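First residue of the sequence shown? That's 519 in my numbering, and the numbers climb one at a time after it.
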Amino acid sequence: MSDLTPADWVNPLIDTANRRFFFFSSACRPFGMVNLSPDTARSGAWEAGYRYDSPYIHDFSHLHAWQLAGIAVLPATGPVRGHEGSNAFKSAFSHDDETVAPGYHAVTLETYDIRAELTATDRVGFHRYTFPAGDTSHILFDLGTELGPCEMSDCRARMVSDTRMEGFVEASATRRRPKATRIHFVADFDTPVVRFGGWMGGELLETCEEVNGKDSGAYVAFEASDECRTMQMKIAISYCSVEGAVRNLEAECSHWDFDLIRTEATDVWNAWLGRILVEGGTNAQRTKFYTDLYHAILGRRRVNDVDGAYSDQTGEKQVIRYIPKQADGTLAYEHHNSDAFWGAQWTLDILWPLAYPDITHNFCNTLVDMYRNGGLIPRGPSGGNYTFVMTSATSTHFLVSAYQKGIRDWDVDAGFEGMVKNHGSGGLMSRAGYEHDTCIGGGVEHYIEKGYVPHGIKAHA
């Protein structure tokens, strides 16, 4: 028998030469809100994120999720060049000096001779940087940049002490997500910041009180040292508020023991992957199995804070709501975002209820809560938004599969009511793909009346 654990069999680099933005995330936990990893390509839902063939790292960003991105950082030395764009400050790197595993990523930024290590809790990204001797070191926060599928329509950052920064980024609406989404953050440093500056509108600000607005960013600088030295940074996020991000940080990572968080991340991955144990087969087959299982529990992220607060953007304005708690004070379930469940009747509808009934339970409650809040069971929830992507009502078979497998600790009556609505006039079946504001192009009314959908109906009047 092999002494390797399930996480040891995972190869996160598989298929990273041809992938989607949210397909790869190394320093994260299963279904974690934070998904921290390097971005070697920046723009586009299909071509951005970590692409194996790119020789440069532009940043380490904290969100790689369905229609969500943001909070890009990069340690550097020498002159501050954040205002010149990422092509000016990106760093060369080599795969020969890189370690990638579930919950951990380490790489040397060759341009700056900085060793960077990344790990995470569910809602906190943990960074450890070893800087070379001599140069003044700094960390760039390229907050207002385009990242993956998202342009940032606004951002803000300010220091509230010499070891803490607070702020937000606002991911503008996309073709698939019709409303802007704000992600709040708090960044703590284990080394005092000696200078806070940034850039706005292409202008470098050597020092400032605050940066804000589109295409803006910040940097924090540290004292030069005659010796190599290591400094650490923790960034916690929330879709609700800065205060929520602080609570997430305090609940999940109140200390500075990077190695402990890395070990815990590995243990969590082994616990989740180890729900299915395989025997026999070749090493290649085991790697394929556990890497595929890793992807099945990777990209659909928690979006609620530790106290149960979540952002509801199904109506005209954002509303902060709370997940109910059980008698012992724990959350009754958690909220997730996800791309829609196309083809899941052959995959996740079977896998999750059998191996991960707790996640299936979470998703059923997420979908039904969004029906209660906004009047529709979503195709693909994204940060509290509906995303009217593609066609049909693909959540139906997911909910039905959960019910058939005995997962019924959700409001089944409300879920059934929502499914019936989705499959009738005015529901999701009335909407074509990307039809956000009208109910014309889906064709269900034609089908109900005529028994078929005529060719050529349009999504817009």
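Heads up, the beta-carbon is just placed ideally off N, CA and C, and yes, glycines get one too.
Predicted model, so just to flag it, every value in this text is computed and none were measured.
Shown here, methionine 937 sits in a helix according to DSSP, grouped into three states. Under DSSP, phenylalanine 644 takes part in a beta bridge, and its partners are Thr637 and Lys752.
Around leucine 723, the same chain offers Gly715, Gly716, Trp717 and Val729 as residues with beta carbons nearer than 8 Å, after the five sequence neighbours per side are excluded.
Rounded to whole angstroms, the separation of the alpha carbons of serine 544 and tyrosine 622 is 6 Å. Nearest neighbour of threonine 865 by Cα position, chosen from Ile589, Leu592, Ala814 and Asp825, turns out to be Ala814. Within the region 552-616, the complete alpha helix (DSSP H) segments at least 4 residues long are 604-607, listed from N- to C-terminus.
Rounded to whole angstroms, the gap between the alpha carbons of glutamate 565 and asparagine 883 is 33 Å. Residue pairing from DSSP places phenylalanine 740 in a beta bridge opposite Ser655.
Excluding its 5 nearest sequence neighbours in each direction, asparagine 891 has C-beta neighbours in its own chain below 8 Å: Asp830, Thr832, Gly833, Val837 and Arg839, listed in chain order.
Each residue's CA atom was taken as its position, placing methionine 937 and tryptophan 870 some 20 Å apart. Residue pairing by DSSP places isoleucine 975 opposite no residue, since no beta bridge is assigned to it. For cysteine 882, the enclosing alpha helix (DSSP H) begins and ends at 875-892. The C-alpha of glycine 969 lies about 14 Å from the C-alpha of methionine 947. Look at leucine 869 here: in three-state DSSP terms it is helix. In terms of CA proximity to alanine 754, Asp706 leads the group Asp706, Thr784 and Ala783. Within its own chain, the residues whose Cβ lies closer than 7 Å to the Cβ of leucine 811, once the five positions on either side in sequence are excluded, are Leu791 and Ile794, listed in chain order.
Shown here, isoleucine 632 sits in a strand according to DSSP, grouped into three states.
Beta-carbon to beta-carbon, alanine 742 and glycine 847 are separated by about 48 Å, too far to satisfy the 8 Å threshold.
Among the bridge pairs identified by DSSP, cysteine 957 is matched with none.
Taking 8 Å as the cut-off, the beta carbon of phenylalanine 607 is found no closer than this to the beta carbon of valine 625. DSSP lists no beta-bridge partner residue for isoleucine 794. The region 577-588 makes no contact with the region 736-750; the number of CB pairs closer than 8 Å stays below 3. In the three-state reduction of the DSSP assignment, aspartate 785 falls in the helix class. Glycine 945 sits close to leucine 894, with the two beta carbons spaced by under 8 Å. Here tyrosine 921 carries a helix assignment [DSSP, helix/strand/coil]. Threonine 809 is positioned such that its CB atom lies closer than 8 Å to that of valine 528. Between arginine 633 and the set Val642, Tyr647 and Arg641, the nearest pair of CA atoms involves Tyr647.
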